[in-house]
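A.B. asks: So that we are looking at the same thing, I have put the structure below in structure tokens.
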């Protein structure tokens, strides 16, 4: 692969950067403090078509790929809106990518134009209280009721339910104990969130959390949510393939957000280290500060290249699981390291909410745990890339 970005991705970079430039660090911090969805940013991105990049032109989109979506997410996060990565993971990722690759023609025509126009939002419901990393153990069930299905169960840490028009819900239509093999019996459904909320069959409770408060992460309860059979995504009882095809883009977009967040923190730290003088010279001249920042710069560039490679492979229809996991690991680590080092560079001032560094530190920490824990990524690399015995 030639790692020079194609013209389409460069145009995305310029376009999203122009939108993001309208919103300074204070704006993002205000949204975080108020637990307020950044409607203005989302609206501007929607008007520009930046959520429909990977939707075919026949459905109102840009006809591009996951690479362009990753670049958009990276660019937004590099502007300082690190929590903005949720925009791209939930709607272009879980929404557009899933339907473009696995949706029926009816589903595509009914929903994709709304995503492309910025009028439709998505959320994704997989994790459960007793089934996080081990998704095979989920128990949320969908059972037939005439031409419909009734979904019952509970999910946790589901982001953006409060804004979503549609939910991609992962269910079991064959219980784990009866499924052969055990990864059989999964089915993914499209749930009309607002309709289910109005009916009272879908409810949610926000979870108080330390960061990324521009949107909720919630416990979600399904009490016989009625879903028509036409809302099955992919094939009934054979949704595991669709699920993994959804999770790789999630990891790629999370990696892109991590690299962008690292860029934001690094740029802020470098500016401060250049301007701040102690003992008669800029603190950035001291190798004790300069070398860690240089290490982060190197790691961010490597993470960026692996993210682009993983996205490019996905767009070509080639296996990308190894690359997606390496990108996610590196992106999450460098986002955290950059925020931590920016904090150290600013010294005691970083503790003040006057500066965005404390927000970036809180936003970055969760990336080491979601969308998959760092330890499981390392286990994947150990077994799939190094050929070591499986540890679980």
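Residue numbers (UniProt numbering): 1 to 392. Each residue gets a CB set at the ideal place from its N, CA and C atoms; glycine is no exception.
For residue 239 versus residue 332, is the C-beta spacing smaller than 7 Å?
C.D. replies: In the chain shown, counting from the first residue as 1, residue 239 sits at position 239. In the chain shown, counting from the first residue as 1, residue 332 sits at position 332. Taking 7 Å as the Cβ cut-off, residue 239 and residue 332 do not qualify as a contacting pair.
A.B. asks: To the nearest whole angstrom, what separates the beta carbons of residue 326 and residue 366, a pair I think is in contact under 8 Å?
C.D. replies: On the chain shown, position 326 is the one that residue 326 refers to. On the chain shown, position 366 is the one that residue 366 refers to. Residue 366 and residue 326 do not touch by the CB rule: their CB atoms are close to 19 Å apart, not below 8 Å.
A.B. asks: May I have the straight-line CA-CA distance separating residue 187 from residue 236, to the nearest angstrom?
C.D. replies: In the chain shown, residue 187 corresponds to position 187, counting from 1. In the chain shown, residue 236 corresponds to position 236, counting from 1. Looking at the two C-alpha atoms, the distance is approximately 5 Å.
A.B. asks: Output the boundary residues of the beta strand (DSSP E) element that contains residue 219.
C.D. replies: What you label residue 219 is simply residue 219 of the chain shown in a count that begins at 1. Residues 217-228.
A.B. asks: Does the Cβ-Cβ distance between residue 91 and residue 64 come in under 7 Å?
C.D. replies: As a working note, residue 91 is residue 91 in the chain shown. As a working note, residue 64 is residue 64 in the chain shown. Going by C-beta atoms, residue 91 is not nearer than 7 Å to residue 64.
A.B. asks: Measuring alpha carbon to alpha carbon, tell me which of 20, 175, 205, 143 ends up nearest residue 189.
C.D. replies: To locate residue 189, count along the chain shown from 1; it is residue 189. Considering only alpha carbons, the answer is 143.
A.B. asks: Please state the DSSP three-state secondary structure of residue 156.
C.D. replies: Position 156 of the chain shown, counted from the first residue, corresponds to residue 156. Residue state, collapsed to three classes: strand.
A.B. asks: Is it the case that the Cβ atoms of residue 246 and residue 98 are separated by a distance below 7 Å?
C.D. replies: For this step, residue 246 is matched to residue 246 along the chain shown. For this step, residue 98 is matched to residue 98 along the chain shown. Yes. Within cutoff.
A.B. asks: Below 8 Å on the Cβ atoms is my guess for residue 18 versus residue 60; work out the distance and round it to an integer in Å.
C.D. replies: Translated into positions along the chain shown, residue 18 becomes position 18. Translated into positions along the chain shown, residue 60 becomes position 60. A Cβ-Cβ separation of about 21 Å leaves residue 18 out of contact with residue 60 under the 8 Å criterion.
A.B. asks: With 16 other CB atoms within 10 Å as the buried threshold, where does residue 341 fall?
C.D. replies: Taking the chain shown and counting its residues from 1, the one referred to as residue 341 is at position 341. Burial call: buried.
A.B. asks: Out of 101, 149, 129, state which residue places its alpha-carbon closest to the alpha-carbon of residue 229.
C.D. replies: Locating residue 229 in the chain shown gives position 229, counting from the first residue. The candidate whose alpha carbon is nearest that of residue 229 is 149.
A.B. asks: Contact between the region 275-289 and the region 35-55: three or more CB pairs below 8 Å?
C.D. replies: no
A.B. asks: Here's the rule: buried if 16 or more other CB atoms are within 10 angstroms of the residue's CB, otherwise exposed. What is residue 10?
C.D. replies: Here residue 10 corresponds to residue number 10 of the chain shown, with the count starting at 1. The residue in question, residue 10, is exposed, as its Cβ has fewer than 16 Cβ neighbours within 10 Å.
A.B. asks: Are there 16 or more other CB atoms within 10 angstroms of the CB of residue 51, so buried, or fewer, so exposed?
C.D. replies: Numbered from its first residue, the chain shown carries residue 51 at position 51. Looking at its Cβ environment, which holds 16 or more other Cβ atoms inside 10 Å, residue 51 is buried.
A.B. asks: In chain order, what residues of the same chain lie with their CB nearer than 6 Å to the CB of residue 262, ignoring the 5 residues before and after it?
C.D. replies: In the chain shown, counting from the first residue as 1, residue 262 sits at position 262. Once the five neighbours on either side are set aside, the close Cβ partners of residue 262 are 300, 334, 335, 338.
A.B. asks: Where DSSP assigns a beta bridge to residue 380, which residues make up the other side?
C.D. replies: Numbered from its first residue, the chain shown carries residue 380 at position 380. None; residue 380 has no bridge partner.
A.B. asks: Is residue 360 buried or exposed, if buried means 16 or more other CB atoms sit within 10 Å of its CB?
C.D. replies: Here the question's residue 360 lines up with position 360 in the chain shown. With 16 or more Cβ atoms within 10 Å of its Cβ, residue 360 is classed as buried.
A.B. asks: Give me, in chain order, the residues of the same chain whose beta-carbon lies closer than 7 Å to that of residue 290; leave out the 5 immediate sequence neighbours on both sides.
C.D. replies: Residue 290 sits at position 290 when you count from the first residue of the chain shown. For residue 290, same chain residues with a beta-carbon under 7 Å away, outside a window of 5 residues either side, are 284 in chain order.
A.B. asks: Looking only at DSSP bridge pairs, what is residue 191 linked to?
C.D. replies: As a working mapping, residue 191 is identified with position 191 in the chain shown. DSSP lists 167 as partners of residue 191.
A.B. asks: Could you tell me which whole alpha helix (DSSP H) segments of length 4 or greater appear in the region 238-318?
C.D. replies: With a minimum length of 4 residues, the unbroken runs of alpha helix (DSSP H) contained wholly in the region 238-318 fall at 240-275, 287-315.
A.B. asks: How many Å lie between residue 221 and residue 196 at the Cα?
C.D. replies: Taking the chain shown and counting its residues from 1, the one referred to as residue 221 is at position 221. Taking the chain shown and counting its residues from 1, the one referred to as residue 196 is at position 196. The alpha-carbon atoms of residue 221 and residue 196 are separated by roughly 11 Å.
A.B. asks: I'd like to confirm the pairing. Which residues does DSSP put opposite residue 141 in its beta bridges?
C.D. replies: On the chain shown, residue 141 is found 141 positions in, with the first residue counted as 1. Looking at the DSSP assignment, residue 141 forms a beta bridge with 152, 172.
A.B. asks: Rounded to the nearest angstrom, what separates residue 173 and residue 28 at their Cα positions?
C.D. replies: By one-based count along the chain shown, residue 173 stands at place 173. By one-based count along the chain shown, residue 28 stands at place 28. Each residue's CA atom was taken as its position, placing residue 173 and residue 28 some 41 Å apart.
A.B. asks: Taking the alpha carbon of residue 158 as the point to measure from, which residue in 316, 140, 200, 207 has its own alpha carbon closest?
C.D. replies: On the chain shown, residue 158 is found 158 positions in, with the first residue counted as 1. Of 316, 140, 200, 207, the smallest CA-CA separation from residue 158 is found for 207.
A.B. asks: Using only the alpha-carbon positions, how far apart do residue 392 and residue 102 sit?
C.D. replies: In the chain shown, counting from the first residue as 1, residue 392 sits at position 392. In the chain shown, counting from the first residue as 1, residue 102 sits at position 102. Their backbone Cα atoms lie some 30 Å apart in a straight line.
A.B. asks: Looking at the strands, I want to know which residues DSSP matches up with residue 202.
C.D. replies: The residue you call residue 202 lines up with position 202 of the chain shown. BP columns for residue 202 point to 222.
A.B. asks: On the CB-based measure, 16 or more other CB atoms within 10 Å of its CB, does residue 304 come out buried or exposed?
C.D. replies: In the chain shown, the residue the question calls residue 304 occupies position 304. Buried, by the Cβ-count rule.
A.B. asks: Taking Cβ positions, are residue 129 and residue 156 nearer each other than 7 Å?
C.D. replies: The sequence position of residue 129 within the chain shown is 129, counting from 1. The sequence position of residue 156 within the chain shown is 156, counting from 1. At a Cβ-Cβ threshold of 7 Å, residue 129 and residue 156 count as neighbours.
A.B. asks: Which residue comes first and which comes last in the alpha helix (DSSP H) that contains residue 87?
C.D. replies: As a first step, residue 87 is located in the chain shown; it is residue number 87 there, counting from the start. Element bounds for residue 87: 85-88.
A.B. asks: Restricting to Cα atoms, I'd like to know which of 241, 193, 251 is closest to residue 225.
C.D. replies: Taking the first residue of the chain shown as 1, we reach residue 225 at position 225. The shortest Cα separation from residue 225 among 241, 193, 251 belongs to 193.
A.B. asks: Check this for me: beta carbons of residue 80 and residue 356, under 7 Å apart or not?
C.D. replies: Residue mapping note: residue 80 aligns to position 80 of the chain shown, counting from 1. Residue mapping note: residue 356 aligns to position 356 of the chain shown, counting from 1. Their beta carbons are under 7 Å apart, which means residue 80 touches residue 356 by this criterion.
A.B. asks: Roughly how many whole angstroms lie between the Cα atoms of residue 132 and residue 295?
C.D. replies: Here residue 132 refers to the residue found at position 132 of the chain shown. Here residue 295 refers to the residue found at position 295 of the chain shown. So the two alpha carbons sit approximately 33 Å from each other.
A.B. asks: Would residue 74 and residue 260 be called neighbours here (beta carbons separated by less than 7 Å)?
C.D. replies: If you number the chain shown from 1, residue 74 lands on position 74. If you number the chain shown from 1, residue 260 lands on position 260. Going by C-beta atoms, residue 74 is nearer than 7 Å to residue 260.
A.B. asks: Jot down the residue ranges of each uninterrupted alpha helix (DSSP H) in the region 325-380, minimum 4 residues, whole runs only, in chain order.
C.D. replies: 357-365, 374-380
A.B. asks: Alpha helix (DSSP H) containing residue 42: first to last residue?
C.D. replies: For the purposes of this step, residue 42 is taken as residue 42 along the chain shown, with counting starting at 1. From DSSP, the alpha helix (DSSP H) with residue 42 extends over 39-47.
A.B. asks: For a cutoff of 7 Å on Cβ pairs, would you count residue 261 as touching chain B?
C.D. replies: Among the chains in the structure shown there is no chain B, since it carries only a single protein chain.
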